[in-house]
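First residue of the sequence shown: 1, per full-length UniProt numbering; consecutive thereafter. Beta carbons: idealized from backbone N, C-alpha and C, even for Gly. Just below is one structure, and these are the notes that go with it.
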Amino acid sequence: MRLKILVGMLCTACLPAMAADHIVQVGLGNTLTFTPANLTIKAGDTVTFQGVAGFHNVASNPGAVTAFRCGPNGCDGVGGGNGDPGGGTWSQTVAFPTTGTIGYFCEVHEGQAMTGVIQVDPVPVTLQSFDID
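Written out as structure tokens, the structure is:
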């Protein structure tokens, strides 16, 4: 007798291996922008914020499902870093394990609309069918 089983597999433990890294440039061309400002990613992906010009940082909106505040000297709460704004070139990476919509902004230039949104979508479930003898 053969039993057919349909298994929905969400490989949570494998997410880091499947995760993608997305780049957001901060102040590209000496402008008050994030490039791209709006981004759609999958749960488990990372975003690397690259400060390329100007005096900036990047912080999530209050109450965000993934909270972060990053700048040239690191990210708040990560290895003793802090997310205060600063100049020069810098790069900080943030992981997004939870689905949701995360607004973010530069604390210095929020009033000049230096803002963005990261939409974190769920990882698609892979269905697999197999036979057990």
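query = By Cβ distance below 7 Å, which residues in the same chain neighbour I23 in space, the five residues on each side in sequence not counted?
reply = T48, Q50
ask   = In terms of residue numbering, what span does the beta strand (DSSP E) encompassing residue 134 cover?
value = Nothing in the structure corresponds to residue 134, since the chain is present only between 1 and 133.
message = Is E110 near the ligand FAD - that is, is its Cβ less than 7 Å away from at least one heavy atom of it?
response = For the structure depicted, the ligand FAD is absent and the ligand set is empty, with no information on it obtainable.
query = Taking H56 as the reference, which of L127, T33, S129, G80 has the closest Cα?
reply = T33
message = Quick check: the Cα distance between G80 and V52, rounded to an integer number of angstroms?
response = 23 Å
ask   = According to DSSP, what are the bridge partners of M25?
value = Per the sequence shown, residue 25 should be read as Gln rather than Met. T35, Q50.
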